[in-house]
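In what follows, a structure is listed as C-alpha cells, so that the remarks can point back to it.
Number of protein chains: 2
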Amino acid sequence: MVDYVGTTRIAELLAHVGTASFMEALAGEIEVDFCRWHDFDKSPRHAAHSSVGVIELMPISDSKLYTFKYVNGHPKNTHDGLLTVTAFGILADVATGYPLLLSEMTYITALRTAAISALAAQKMARSNSRVMAMIGNGAQSEFQILAFHRMLRIREVRLFDTDKAATEKLLRNLSALKIPDLKIICSKSTAEAARGADIVTTVTADKRNALILTPEMVEPGMHLNAVGGDCPGKTELHIDILRRSDARIVVEYEPQARIEGEIQQLKTTELVIELTDVLCGTKAGRTSDHEVTIFDSVGFALNDFSALRYVYKLNREQSAGRALIDLVPLLNDPKNLWGGLTGTEKPHPAALVGKVPTKPIALV
Amino acid sequence: MVDYVGTTRIAELLAHVGTASFMEALAGEIEVDFCRWHDFDKSPRHAAHSSVGVIELMPISDSKLYTFKYVNGHPKNTHDGLLTVTAFGILADVATGYPLLLSEMTYITALRTAAISALAAQKMARSNSRVMAMIGNGAQSEFQILAFHRMLRIREVRLFDTDKAATEKLLRNLSALKIPDLKIICSKSTAEAARGADIVTTVTADKRNALILTPEMVEPGMHLNAVGGDCPGKTELHIDILRRSDARIVVEYEPQARIEGEIQQLKTTELVIELTDVLCGTKAGRTSDHEVTIFDSVGFALNDFSALRYVYKLNREQSAGRALIDLVPLLNDPKNLWGGLTGTEKPHPAALVGKVPTKPIALV
Numbered sequence: 368m369v370d371y372v373g374t375t376r377i378a379e380l381l382a383h384v385g386t387a388s389f390m391e392a393l394a395g396e397i398e399v400d401f402c403r404w405h406d407f408d409k410s411p412r413h414a415a416h417s418s419v420g421v422i423e424l425m426p427i428s429d430s431k432l433y434t435f436k437y438v439n440g441h442p443k444n445t446h447d448g449l450l451t452v453t454a455f456g457i458l459a460d461v462a463t464g465y466p467l468l469l470s471e472m473t474y475i476t477a478l479r480t481a482a483i484s485a486l487a488a489q490k491m492a493r494s495n496s497r498v499m500a501m502i503g504n505g506a507q508s509e510f511q512i513l514a515f516h517r518m519l520r521i522r523e524v525r526l527f528d529t530d531k532a533a534t535e536k537l538l539r540n541l542s543a544l545k546i547p548d549l550k551i552i553c554s555k556s557t558a559e560a561a562r563g564a565d566i567v568t569t570v571t572a573d574k575r576n577a578l579i580l581t582p583e584m585v586e587p588g589m590h591l592n593a594v595g596g597d598c599p600g601k602t603e604l605h606i607d608i609l610r611r612s613d614a615r616i617v618v619e620y621e622p623q624a625r626i627e628g629e630i631q632q633l634k635t636t637e638l639v640i641e642l643t644d645v646l647c648g649t650k651a652g653r654t655s656d657h658e659v660t661i662f663d664s665v666g667f668a669l670n671d672f673s674a675l676r677y678v679y680k681l682n683r684e685q686s687a688g689r690a691l692i693d694l695v696p697l698l699n700d701p702k703n704l705w706g707g708l709t710g711t712e713k714p715h716p717a718a719l720v721g722k723v724p725t726k727p728i729a730l731v
Numbered sequence: 368m369v370d371y372v373g374t375t376r377i378a379e380l381l382a383h384v385g386t387a388s389f390m391e392a393l394a395g396e397i398e399v400d401f402c403r404w405h406d407f408d409k410s411p412r413h414a415a416h417s418s419v420g421v422i423e424l425m426p427i428s429d430s431k432l433y434t435f436k437y438v439n440g441h442p443k444n445t446h447d448g449l450l451t452v453t454a455f456g457i458l459a460d461v462a463t464g465y466p467l468l469l470s471e472m473t474y475i476t477a478l479r480t481a482a483i484s485a486l487a488a489q490k491m492a493r494s495n496s497r498v499m500a501m502i503g504n505g506a507q508s509e510f511q512i513l514a515f516h517r518m519l520r521i522r523e524v525r526l527f528d529t530d531k532a533a534t535e536k537l538l539r540n541l542s543a544l545k546i547p548d549l550k551i552i553c554s555k556s557t558a559e560a561a562r563g564a565d566i567v568t569t570v571t572a573d574k575r576n577a578l579i580l581t582p583e584m585v586e587p588g589m590h591l592n593a594v595g596g597d598c599p600g601k602t603e604l605h606i607d608i609l610r611r612s613d614a615r616i617v618v619e620y621e622p623q624a625r626i627e628g629e630i631q632q633l634k635t636t637e638l639v640i641e642l643t644d645v646l647c648g649t650k651a652g653r654t655s656d657h658e659v660t661i662f663d664s665v666g667f668a669l670n671d672f673s674a675l676r677y678v679y680k681l682n683r684e685q686s687a688g689r690a691l692i693d694l695v696p697l698l699n700d701p702k703n704l705w706g707g708l709t710g711t712e713k714p715h716p717a718a719l720v721g722k723v724p725t726k727p728i729a730l731v
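Top to bottom, those sequences are chains V and H.
First residue of the first sequence? That's 368 in the numbering used here, and the numbers climb one at a time after it.
First residue of the second sequence? That's 368 in the numbering used here, and the numbers climb one at a time after it.
What follows is the structure, encoded as C-alpha cells:
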C-alpha cells in the first residue's frame, strides 16, 4: 500500500503544523539537501509541449529516494475556471523501486516555492529588511508573504497587481489571518510599491518577456525575489537590472536557469552564482549593504524532492487520517500476478499492517 | 477530481468484462493507435539506474491525450517477497494539463503485453497455429496463454520453467479456469516444449544474455514471441536464430528495440520491420509457411497509452464502484489557492458532480 496525500489531507497537515511553521521546517530540509548537491542524480525535465501549454515530468534521486513531479502549465486555463498550474508527485524507494507516497503538489509547489524564496532571502537580503513589495497577488502571494513574515521578519507588505480582484482576494485572505505585526498597504503601481522597499517579490503570470521591474524602480541594497519568470520567453526583470555593476544573481541550478530564468536574457559568459554555494557558505549571498541581490528562481526538482520527503514524514507522524491506496499489488508469491487479480493469491503478510516490507528509509 | 483505478478496481473491471475479452478489446485499441503512428510525440524513456535496479518514466502523447507510466525493474525484489516489476500510470488531458486517471499498471502491463503479443501473432504466426510452448511460467504466463487461446485459437500449451514452483503455480491457475478446449502439458525442457510447436513464447526473467532458445530448437514455420528480453544485456534468443536466412523480425519501435530487444545482438545494418507497418498492411507479417517469424517485444509507451485510455473508458462505463481522488484542487477562483487550502474558497461547481469542467475528451 502506498501513502496518499490529497488536497484534503495536505490542508489537514497544514492546519495541524501551521503554514508558516511548515514552510520554515521545509526550508530547513531544502537547505540540507542543497548542501549535499553532489549526492543527486539531476536530469533535465521532460516536457511535452502543445499549442496551449506544457506537461512536464521532473525526476531526481539520491542513493535512497527517488521523486518526480508531474506539473502542467496552461495559461489559458483560468478562462475556464481551471488552475494554470496543477501538480502531483511520487516519492519512491530506490532499493525496491516501490512507490512510498503519492501526493498532490499544487499546494506543495506553492509552499516549497515560498520556502526556498525565504531561505535564499535569509542569505541575500539585508538583515534589517522589514518592508516587502508584493508584485503579483495571485495563487503564490499568500505563501510568499507568510514565509517572509516568519523567516525574514517582514513587517510591511505593499500589494500590487494589474488584476484588482487578485489584490482584493489577497487582502481578504491576509485580513482573515489577523497577523498583528504585519502592516498591509495597497499600492497603485509597481513603482509605488517598490519605492523604498527592502525586498521586491515578483510573482506575475504573464507569459512573455514582461518588464514588471524596470531599472529606475531598483534601489541600491534591494533584494529582488524574482519568482514569476520561469520558462523560455517568460521573464519579469528588465535586462539592465541584471546587468547593473552592483548586481549579484543567484539561481537554483544554472543549466536550467539559463533556459528558463531571468538570466535567459544574459550571455552565458555573464556569471551567476548557484544557491548551493550560498547555502554551503562557499560564496556570499551578499557582500555589501549597497549591492542589489537577485534570486532568479525557476523551481527545481530538488525543491520537490525535499518537499515530498518532508510531507511523507509529516503524514506518517500524524497517523490519524493517514490514507493508503492500493496502487501496487501485494502478493505472497510475487510470480502469481494472476492469483492476485483473481483473489486466489493471498496478500503478503506485510500488507495487513499497511506497509510494504521494505527496510525503513532513513530520512535525512 | 481524478478517476482512480487501484489493484482492487482493476480486478473488478476484469471480472466484469472477462480477462480474455479485455485483452482482445485492448488489442483492437492498440491496433488503431499503431496505425496512426505519426500522430504521437514519441520520446525515449527516462531511466534512473541504481546498483540494484531501475526506475523509468515512459511518456507519450498525441494532440488530445498524454500518458506516462512509472515502472521499476528490481530483479532481486523477489528474494524479499516483492515484485520485480511494479507500475502505475496517468492519463491526462493535453488541452488543460489536468490528470484524468491515475491507475495501477502492474496488472495492466501484463494485460497489454499479452494483448500486443497476440495481436502481432495474428499477423505473423501461421493461421493454423494451435500449439504453443510457454517458456517461463512466471507473472506473465497466464495472460499470454489466455490471450493466445482467445485470439489465435491455441488449443495446446506446453509449459516449462527452470523454477518448478512457477510451473505448478501456472498449472494450478489454469486448472482453476477450467478451459474446456485447452490441453495443458508440462514439458521437461525447453527443447521438449518447443519440438513441433507452432508458436514459442519466451517470458523469462533472467537478467543476462541468456540462451533460452538455441538454433536447433527452431523449426521452419515457427513463430517466436520473444517477450522476456527487454533491456540492455537481457536477451533470450541465440543470435544465430535472429540471423537465419528465413527469419523475419518485427519490433514495436526500432530505436528502442535496438537498445533493449533481442536485436541488440545484431548490427544496425541488419534490417527489421516495425509493427506499425505490419498492422497497417504496408509490410507482411509473414510471407510463407516456412518462414521463422520473430516478434521481438520490449514494451513501448504507446501500448500503455492505448491501455490507459481503454481502462479510463471502461472504468467510467462501469460507474458502480468508480472511485475519485482529490489529486487536484477545484477552486471557483483559480487564483485563490490559499482559500482552497483554508476552506474559505468554494470548490468549482463542477467539482460537486465529480468531474473537472473540461470539454469531454473524444476517445478514439
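Heads up, the beta-carbon is just placed ideally off N, CA and C, and yes, glycines get one too.
Against chain V, with Cβ distances strictly below 9 Å, would residue i count as a contact?
{"i": "G707 (chain H)", "result": "yes"}
{"i": "N592 (chain H)", "result": "no"}
{"i": "F510 (chain H)", "result": "yes"}
{"i": "L730 (chain H)", "result": "Confidence at L730 (chain H) is low in this model, with a pLDDT of 42, below 50, so its placement is unreliable and the value that follows should be read with caution. So no, L730 (chain H) is outside the interface."}
{"i": "S673 (chain H)", "result": "no"}
{"i": "I422 (chain H)", "result": "yes"}
{"i": "A624 (chain H)", "result": "no"}
{"i": "L549 (chain H)", "result": "no"}
{"i": "D530 (chain H)", "result": "yes"}
{"i": "A687 (chain H)", "result": "no"}
{"i": "F667 (chain H)", "result": "no"}
{"i": "V720 (chain H)", "result": "Caution is warranted here: a pLDDT of 42 is assigned to V720 (chain H), below 50, making its placement in the model unreliable, and the coordinate value is therefore given only provisionally. Not an interface residue."}
Under a CB-based cut-off of 9 Å, is residue i close to chain H?
{"i": "Y474 (chain V)", "result": "yes"}
{"i": "S612 (chain V)", "result": "no"}
{"i": "L435 (chain V)", "result": "The residue asked about is misnamed: residue 435 (chain V) is Phe in this sequence, not Leu. F435 (chain V) counts as touching chain H."}
{"i": "H405 (chain V)", "result": "no"}
{"i": "T569 (chain V)", "result": "no"}
{"i": "L393 (chain V)", "result": "no"}
{"i": "L526 (chain V)", "result": "no"}
{"i": "G448 (chain V)", "result": "yes"}
{"i": "T643 (chain V)", "result": "no"}
Measure the CB-CB distance between residue i and residue j and report whether it falls below 9 Å.
{"i": "T434 (chain H)", "j": "A459 (chain H)", "result": "yes"}
{"i": "A485 (chain H)", "j": "H590 (chain H)", "result": "no"}
{"i": "E583 (chain H)", "j": "W404 (chain H)", "result": "no"}
{"i": "T660 (chain H)", "j": "M491 (chain H)", "result": "yes"}
{"i": "F672 (chain H)", "j": "D400 (chain H)", "result": "yes"}
{"i": "F510 (chain V)", "j": "L694 (chain H)", "result": "no"}
{"i": "L704 (chain H)", "j": "A506 (chain V)", "result": "yes"}
{"i": "K431 (chain V)", "j": "V452 (chain V)", "result": "no"}
{"i": "S554 (chain H)", "j": "L526 (chain H)", "result": "yes"}
Starting from residue i, find everything on chain V with Cβ-Cβ shorter than 9 Å and list it in chain order.
{"i": "F455 (chain H)", "result": "V369, I457, P466, L469, L694, V695"}
{"i": "S430 (chain H)", "result": "S417, S418"}
{"i": "A378 (chain H)", "result": "G707, L708, T709, G710"}
Which residues in chain V have a C-beta closer than 8 Å to the C-beta of residue i? List them in chain order.
{"i": "D408 (chain H)", "result": "A415"}
{"i": "N576 (chain H)", "result": "The contacting residues do not exist; N576 (chain H) stays about 22 Å from chain V at best."}
{"i": "T649 (chain H)", "result": "Residues of chain V passing the Cβ test: none, with the nearest at roughly 28 Å."}
State the CB to CB distance for the pair residue i and residue j, rounded to an integer number of angstroms; the pair is presumed to be in contact (CB under 8 Å).
{"i": "N504 (chain V)", "j": "T534 (chain V)", "result": "5 Å"}
{"i": "V567 (chain H)", "j": "N592 (chain H)", "result": "7 Å"}
{"i": "L580 (chain H)", "j": "E559 (chain H)", "result": "Contact doesn't hold; Cβ gap of about 13 Å is too wide."}
Name the chain V residues that come within less than 7 Å of residue i, Cβ to Cβ?
{"i": "D700 (chain H)", "result": "K536"}
{"i": "V461 (chain H)", "result": "S417"}
{"i": "H441 (chain H)", "result": "T463, G464"}
{"i": "P426 (chain H)", "result": "H413, A415, L424"}
{"i": "A477 (chain H)", "result": "L704"}
What in chain H is Cβ-close to residue i, meaning under 7 Å?
{"i": "T375 (chain V)", "result": "D693"}
Which bits of chain H does residue i rub up against, with CB to CB less than 8 Å?
{"i": "N703 (chain V)", "result": "A506, K536, N540"}
{"i": "T451 (chain V)", "result": "P701"}
If distances are taken between C-alpha atoms only, which option among the options comes closest to residue i?
{"i": "K751 (chain V)", "options": "V:Y677, V:L633, V:R615", "result": "Residue 751 (chain V) lies beyond the residue range present for chain V, which begins at 368 and ends at 731; the question has no answer from this structure."}
{"i": "T739 (chain V)", "options": "V:I551, V:N495, V:L538, V:S556", "result": "Because chain V here runs from 368 to 731, residue 739 (chain V) falls outside it and cannot be looked at."}
{"i": "R376 (chain V)", "options": "V:T709, V:S686, V:V618, V:P547", "result": "V:S686"}
For residue i, return the contacting residues in chain H, with the cut-off set at a CB-CB distance below 9 Å.
{"i": "A558 (chain V)", "result": "Per Cβ cutoff of 9 Å: no residues; A558 (chain V) is ~23 Å from chain H at best."}
{"i": "A381 (chain V)", "result": "Going by the sequence as given, residue 381 (chain V) is Leu instead of Ala. Residues of chain H passing the Cβ test: L708, T709."}
Using only the heavy atoms of the ligand ADP, determine whether one of them is closer than 8 Å to the beta carbon of residue i.
{"i": "R611 (chain V)", "result": "Inclusion of the ligand ADP in the displayed structure is not the case, the ligand content being empty and no account of it being possible."}
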